[in-house]
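For the sequence shown, my numbering begins at 3 and goes up steadily by one.
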Amino acid sequence: MKDTKNLIPEGHVVARKQILIQEGKTETPEVNSGKLRTKSDKSEVEISNEDMEVTFDKNTGYLFAYTFKGKKFIKKGPEPDFWRAPTDNYFGNSFQKRAKGCKEVTCHPILSDFSMGKNKEFVEVKTSYKLDSVSSAMNMTYHIYADGTIKVDNQFEFGGNTGNLTSLLRFGNSMILPLDYKNVSWYGRGAQENY
Numbered sequence: 003m004k005d006t007k008n009l010i011p012e013g014h015v016v017a018r019k020q021i022l023i024q025e026g027k028t029e030t031p032e033v034n035s036g037k038l039r040t041k042s043d044k045s046e047v048e049i050s051n052e053d054m055e056v057t058f059d060k061n062t063g064y065l066f067a068y069t070f071k072g073k074k075f076i077k078k079g080p081e082p083d084f085w086r087a088p089t090d091n092y093f094g095n096s097f098q099k100r101a102k103g104c105k106e107v108t109c110h111p112i113l114s115d116f117s118m119g120k121n122k123e124f125v126e127v128k129t130s131y132k133l134d135s136v137s138s139a140m141n142m143t144y145h146i147y148a149d150g151t152i153k154v155d156n157q158f159e160f161g162g163n164t165g166n167l168t169s170l171l172r173f174g175n176s177m178i179l180p181l182d183y184k185n186v187s188w189y190g191r192g193a194q195e196n197y
């Protein structure tokens with residue numbers, strides 16, 4: 003305290019705490035020693051090593067197969083998703099009609115570019131999509147590591163035309179796992195569909 007106030011004498015320490023402030027660390031997956039091999043033909047790109055195999059469709063840009071140690075992990079790979087089911091509140095103000103562009107863009111992205119690059123840590127696959135129904139674009143970048151880790155980054159480039167896109171209901175990816183998986187952990191609300 004600077005001055006004596008009531009029962010607290012001058013110079014008395016009211017509270018003291020030492021807080022460690024440090025710079026955040028970028029999370030980098032440990033890389034398996036197995037080298038990644040790439041194989042490409044007219045319609046597919048395959049990235050593999052002795053433990054895993056990842057396959058992309060060059061016509062759609064989608065990851066459609068991922069096998070790790072002989073087990074299939076993906077039935078249908080990550081695809082752009084901008085739609086979620088409307089809630090009861092939406093029907094009163096016709097939101098499902100105004101948000102029609104989100105549903106259309108989820109169903110009809112058009113692949114505009116597909117490229118693959120390799121460095122000593124990972125293979126990078128870049129896909130770009132035109133989203134004509136909302137006059138926008140989306141880029142998906144996959145980093146495939148030798149330990150089987152796949153990092154997916156999404157970037158949405160809004161074209162400025164709000165005609166078919168009054169609100170962005172959701173921005174992300176949807177994928178389907180094989181039916182063999184009965185126990186799945188995820189970050190969401192409960193076992194039912196939710197938003």
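For glycine and all other residues, C-beta sits at the position ideal for the given N, C-alpha and C.
Residue range of the beta strand (DSSP E) that includes residue i
i, result
"G79", "78-83"
"D90", "Here D90 belongs to no beta strand (DSSP E); instead the alpha helix (DSSP H) covers 90-94."
"E42", "The question names Glu, yet the displayed sequence has Ser at residue 42. S42 -> beta strand (DSSP E) spans 39-42."
"N175", "174-178"
Nearest-angstrom Cα separation, counted from residue j out to residue i
i, j, result
"Y131", "S114", "5 Å"
"M118", "G150", "17 Å"
"V125", "G161", "30 Å"
"V33", "K122", "In this predicted model, V33 has a pLDDT of only 46, less than 50, meaning its place in the structure is not dependable enough to derive any value."
"L179", "L65", "13 Å"
"M142", "N156", "5 Å"
"D59", "K19", "56 Å"
"S45", "I112", "16 Å"
Residue range of the unbroken alpha helix (DSSP H) whose run includes residue i
i, result
"F97", "97-100"
"D155", "Note, D155: premise wrong, no alpha helix (DSSP H); beta strand (DSSP E) at 152-159."
DSSP-derived helix/strand/coil call for residue i
i, result
"V47", "strand"
"K71", "coil"
"K19", "coil"
"D134", "helix"
"V33", "Low local confidence applies: a pLDDT of 46 at V33 is under 50, so the model's placement there is unreliable, and no value is given."
"K105", "helix"
"D182", "coil"
"K7", "strand"
"T62", "coil"
"G119", "strand"
"L113", "strand"
"A87", "coil"
Bridge partner(s) assigned by DSSP for residue i
i, result
"F124", "Y147"
"V56", "I49, Y68"
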